[in-house]
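The next block holds one structure in the form of structure tokens; read it before the comments.
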Amino acid sequence: MSPQSPGADPVSADVIEVERLLTRIAYLAGGVRQHGQLAAEAGLSLDRAAVALLRHVADSEPLRPGELAARLSVEASHITRQLRQLEAGGYVVRVPDPDDRRARRVRLTDAGRDAIDRIRAVGRRGIEVALSDWSPEDLRRIAGLFDRLVDDFVAHAAPNAALRDVVAEDAAIREGLDGSGTVPSPRTPPGQPPRR
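So the sequence shown is numbered by the UniProt record's numbering: it starts at 1 and just counts up by one.
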């Protein structure tokens, strides 16, 4: 059993196993080698940070850079630097914010949409191969459990970095299981109980 802070309730063996498996999934899905292979198969030379940013831009309405930084749990300076590179590559543009003309929002260009579609298609094919022996019922069950898991992590605003990483990767996991290219259901808004 892992060490605990004094006075903390012991963590169940089931929770320890879930944490171990989530860490393993995050490692397998987010590794540098895995990303490099995915990008190469998609015919792109985008790093992991660029792909993560493109995914968030693709899955939301145009957001301000600060909002993107908050969603990705990174410093605004990282987003600014990454956005400059993505703009130079023609993947995103900054458009006027309709609520405040002094501010800008980020949206995908056609090239950005094409890039993220290709990354997702390659990722889905990999998941499809890995889960080819799973029944449709098992796929629906795990998709539902992942959906619930993500909602619970978001609802409890996971303060630790390992859980934040899992939450940041939720769209990729859910896209691969859903197969539609969109997140199957909206996230639970802050302050509301998660869906069951």
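Where is the CB? At the ideal position from N, CA and C, for every residue including glycine.
Identify which residue in the options has its Cα closest to the Cα of residue i.
| i | options | result |
| --- | --- | --- |
| Leu21 | Pro65, Leu44 and Leu149 | Leu149 |
| Ile119 | Gly36, Val129 and Gly90 | Gly36 |
| Gly62 | Phe146, Leu38 and Arg104 | Just to set this straight, residue 62 is Pro in the shown sequence, not Gly. Nearest C-alpha to Pro62: Arg104. |
| Asp59 | Ala155, Arg107 and Glu137 | Arg107 |
| Val51 | Arg24, Ala155, Pro10 and Asp114 | Asp114 |
| Ile79 | Pro98, Asp97 and Arg48 | Arg48 |
| Gly89 | Ser12, Gly112 and Asp100 | Gly112 |
| Ala39 | Gly123, Ser132, Ser135 and Pro136 | Gly123 |
| Pro96 | Arg71, Pro65 and Ser45 | Pro65 |
| Leu83 | Ser132, Leu46 and Asp14 | Leu46 |
| Leu86 | Arg55, Arg101 and Arg71 | Arg55 |
For residue i, name the three-state secondary structure that DSSP assigns.
| i | result |
| --- | --- |
| Ala171 | At Ala171 the pLDDT is 41, less than 50, meaning the model places this residue with poor confidence and gives no usable figure here. |
| Val106 | strand |
| Leu21 | helix |
| Val15 | helix |
| Leu86 | helix |
| Glu128 | helix |
| Ser60 | coil |
| Asp114 | helix |
| Gly123 | helix |
| Gly31 | coil |
Between which two residues does the beta strand (DSSP E) holding residue i run?
| i | result |
| --- | --- |
| Asp47 | It is not in any beta strand (DSSP E) - Asp47 carries neither H nor E in the DSSP assignment. |
| Asp97 | Val92 to Asp97 |
For the alpha helix (DSSP H) containing residue i, name the first residue and the last one.
| i | result |
| --- | --- |
| Asp152 | Pro136 to Ala155 |
| Val11 | Neither: Val11 is in no alpha helix (DSSP H) and is coded neither H nor E. |
| Leu68 | Pro65 to Leu72 |
Sort out for me which residues DSSP pairs residue i with in a bridge.
| i | result |
| --- | --- |
| Asp100 | Asp97 |
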